[in-house]
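Asker: In the numbering used here, the protein residues as written are 190 to 252. Ideal Cβ placement from N, Cα and C applies to all residues, glycine included. Treat the numbers as computed from the prediction; the structure is a model and nothing was measured. Handing you this structure, nothing more for now.
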């Protein structure tokens, strides 16, 4: 069975979003400033290896 032209299964950003969304919910950021502060902490969430694995899992070769 072929996937449609756009598929979340083939988009590495969807894998990152799946980790990001619970983090933002946990931070309970409800104002623009609070969201900006929460997003600033995201850099600590993702390692370089993890980001490469997001691309590898979707079939893209990331170097």
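#1: My output table needs one value for residue 235: the three-state DSSP class, helix, strand or coil.
#2: Could you tell me the boundaries of the alpha helix (DSSP H) in which residue 222 lies?
#3: Report the rounded CA-to-CA distance for residue 216 versus residue 209, giving the unit in angstroms.
#4: For residue 217, does the three-state DSSP call read helix, strand or coil?
#5: Residue 222 to residue 246, Cα distance in whole Å?
Answerer: From the atom records:
#1: For this step, residue 235 is matched to residue 46 along the chain shown. Annotated three-state conformation of residue 235 is coil, per DSSP.
#2: Against the chain shown, residue 222 aligns to sequence position 33. Segment 221 to 229, the alpha helix (DSSP H) holding residue 222.
#3: Looking up residue 216 in the chain shown gives position 27. Looking up residue 209 in the chain shown gives position 20. Rounded to the nearest whole angstrom, the C-alpha separation of residue 216 and residue 209 is 11 Å.
#4: The residue labelled residue 217 in the question sits at position 28 within the chain shown. In this structure, residue 217 counts as coil in the three-state DSSP scheme.
#5: Translated into the one-based positions of the chain shown, residue 222 becomes position 33. Translated into the one-based positions of the chain shown, residue 246 becomes position 57. Residue 222 and residue 246: Cα-Cα distance of roughly 34 Å.
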